[in-house]
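Read the structure below first, then the notes.
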Amino acid sequence: MKLAGVYAPIPTPFDDRDRVDTTRLKKALTKWAARPLAGFVVLGSNGEAVLMDDVESDHAIAAARDAVPREKRFIVGTGRESTQATINATKRAAEHGADAVLVRTPGFFKAQMTNDAFVRHYTAVADASPVPVLLYNFTALTGVNLLPAAVARLATHPNIIGMKESGGDMAQVADLVSLTPDDFNVLAGSAPTFYAALCVGAVGGVLALGCGCSVRRTACPGSKPR
Numbered sequence: 130m131k132l133a134g135v136y137a138p139i140p141t142p143f144d145d146r147d148r149v150d151t152t153r154l155k156k157a158l159t160k161w162a163a164r165p166l167a168g169f170v171v172l173g174s175n176g177e178a179v180l181m182d183d184v185e186s187d188h189a190i191a192a193a194r195d196a197v198p199r200e201k202r203f204i205v206g207t208g209r210e211s212t213q214a215t216i217n218a219t220k221r222a223a224e225h226g227a228d229a230v231l232v233r234t235p236g237f238f239k240a241q242m243t244n245d246a247f248v249r250h251y252t253a254v255a256d257a258s259p260v261p262v263l264l265y266n267f268t269a270l271t272g273v274n275l276l277p278a279a280v281a282r283l284a285t286h287p288n289i290i291g292m293k294e295s296g297g298d299m300a301q302v303a304d305l306v307s308l309t310p311d312d313f314n315v316l317a318g319s320a321p322t323f324y325a326a327l328c329v330g331a332v333g334g335v336l337a338l339g340c341g342c343s344v345r346r347t348a349c350p351g352s353k354p355r
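Below, the structure is given as structure tokens:
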């Protein structure tokens, strides 16, 4: 699965009774779908997924799937602190029609989050997932860093197809590109570093800016420079 282009990580609207507002969610997605976005990410950091329970998450996924055109990629955030909870969320997302899942690094027990621990966690998730898996590294929020050496090991798994890197460290992005196969999709996670990430080989980005600004095809990702 090729993931070139810009993906919008959508916010999750709630009504006055603190329920997922599926009507507003569908309306917003219908509007955004008219833009030249490659697809959408539901239940990412911008969607405040860590604050939502499983019932709320499932409602948001189902509503979003109804509104997102099939020609747009539909990616769902399913990362949890435990491996089994992540697998369960991933399977539910697949049942609701996710094209792929975005799995953040668990980080509560930071001292135990070694490269080997991350490899075991993501391998188990990818083995059990009915859909392709994207790794998600956001050190500023999780307090842990999924290093390129671990990503290189995970990139050999046939069901792990790429990574969203939100750290903004271009040296790390360049290492991710150079250490992974050509068909491994490295995506930038921040608009200020998007162009720089493309220059070192990223194929696209998951950018909150895509929810509020017009997207222009002025920077076209191509082959990975080495």
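For what it's worth, this note's numbering labels the leading residue of the sequence shown as 130, then goes sequentially.
For each residue, glycine too, the CB sits at the ideal point set by N, CA and C.
Distance CB(residue i)-CB(residue j) smaller than 8 Å
i: P310; j: N288; result: no
i: A214; j: T151; result: no
i: V230; j: T243; result: no
i: P138; j: A337; result: yes
i: A326; j: M299; result: yes
i: S258; j: A223; result: yes
Burial state of residue i, where buried means 16 or more other Cβ atoms lie within 10 Å
i: S319; result: buried
i: S211; result: exposed
i: Y324; result: exposed
i: F237; result: exposed
i: P235; result: buried
i: A278; result: exposed
i: D144; result: exposed
i: A163; result: exposed
i: R194; result: buried
i: S295; result: buried
i: G334; result: buried
i: D228; result: buried
i: L316; result: buried
i: R249; result: exposed
i: T285; result: exposed
Reduced DSSP category for residue i - H, G, I as helix; E, B as strand; rest coil
i: G339; result: helix
i: R355; result: With a pLDDT of 38 at R355, under the threshold of 50, the modelled position of that residue is not reliable, and no figure is offered here.
Proximity to residue i [Cα-Cα], best of the options
i: L172; options: R249, R221, A331 and Q301; result: R221
i: K239; options: L270, T252 and L283; result: L270
i: R209; options: G226, F203 and S174; result: S174
i: R199; options: C340, A167 and A157; result: A167
i: G176; options: I216, I204 and F313; result: I204
i: A157; options: Y265, L308, A189 and G297; result: A189
i: Q301; options: V170, I290, L276 and A281; result: L276
i: D134; options: V170, A196 and T159; result: A small correction: the amino acid at residue 134 is Gly; Asp does not occupy that position in the sequence shown. G134 has its Cα closest to that of V170, out of V170, A196 and T159.
i: F267; options: G297, Y251, D147 and A255; result: G297
Exercise. Please list the segments of the alpha helix (DSSP H) lying wholly inside the stretch 137 to 204, counting only runs of 4 or more residues, in order along the chain.
Key: Runs of alpha helix (DSSP H) with 4 or more residues, each lying fully within the stretch 137 to 204, are found at 151 to 161 and 183 to 196, listed in chain order.
Quiz item: Which runs of the beta strand (DSSP E) fall wholly inside the stretch 283 to 328 and span at least 3 residues, in chain order?
Solution: The qualifying runs are 289 to 294 and 314 to 317.
Practice problem: Quick one: which unbroken alpha helix (DSSP H) runs of 4-plus residues sit fully inside the stretch 228 to 280? Chain order, please. | Solution: Listed in chain order, the complete alpha helix (DSSP H) runs (minimum 4 residues) inside the stretch 228 to 280 are 244 to 257 and 268 to 271.
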